[in-house]
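Residue numbering for the sequence shown follows our numbering, starting at 1 and increasing by one per position. Note that the Cβ used here is the ideal one computed from N, Cα and C, for glycine as well. To start, the structure under review is shown below, and the notes come after it.
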Amino acid sequence: GSDGPPNDPMPRPRLWCAFPRLLGHYSREEKLFPLTTAIHKMTVLSAARFNLTDRGVVREGSFADLVLFDPQTVAARATFAEPQQPAAGIEKTVMVNGIISYGEAIGATGRAGRFLRRAPN
């Protein structure tokens with residue numbers, strides 16, 4: 001996830017690997033903060049920043065936006081030469097709104113996401 005333009009044929013690597021870099025490089029390798037803090041920054045704080053209710057947490061009644069990843073292998077692989085490289089360690093499953101949208105068990109449901117407008121403050 002990133003704020004980079006999604007239709008750019010040669011995007012900056014952050015478009016594909018901003019969060020995997022945070023998890024793999026800054027949290028695991030550099031040990032700048034624990035994994036739980038990295039996840040909190042990417043989920044709870046992001047949802048709060050944009051005033052997105054029922055997102056960023058795992059609890060009954062909230063939207064099920066989940067990424068199953070391996071904390072030992074998650075890593076950014078995108079480069080400026082090859083920016084559209086998927087991250088390592090996220091091969092299993094990504095769920096958007098409770099629907100598997102990427103991974104081994106992907107169904108024929110297609111994309112489950114939608115544009116989210118910021119709620120009024």
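Item                                                                                                                                             : Value
Three-state secondary structure (DSSP) at VAL57?                                                                                                 : coil
Can you tell me the Cα-Cα spacing of ALA108 and ARG117, whole angstroms?                                                                         : Note that ALA108 scores a pLDDT of 48, beneath 50, so its modelled location is shaky; the value from the coordinates is reported in the next line. Roughly 27 Å separates the two Cα atoms.
Quick one, are the C-beta atoms of ALA75 and ALA88 less than 7 Å apart?                                                                          : yes
With distance defined between alpha-carbon atoms, name the residue in GLY24, ASN51, MET95 and TRP16 nearest to ILE39.                            : GLY24
Just to check my reading of the structure: LEU22 and PRO83 have Cβ atoms closer than 8 Å, yes? What is that Cβ distance to the nearest angstrom? : LEU22 to PRO83, Cβ: 17 Å. No contact.
For the putative contact between GLY56 and VAL67, defined by C-beta atoms under 8 Å, what is the C-beta separation to the nearest angstrom?      : Not quite, the Cβ-Cβ distance comes to about 13 Å (not below 8 Å), so this is no contact.
Inspect the beta-carbon positions of LEU35 and PRO71 and report whether they are closer than 7 Å.                                                : yes
DSSP puts LEU66 in a beta bridge; with which residues?                                                                                           : MET95
Which of the three DSSP states, helix, strand or coil, is assigned to TYR102?                                                                    : strand
Between PHE63 and chain D, is the shortest Cβ-Cβ distance under 7 Å, so that the two count as touching?                                          : No chain D is part of this structure, which consists of one protein chain only.
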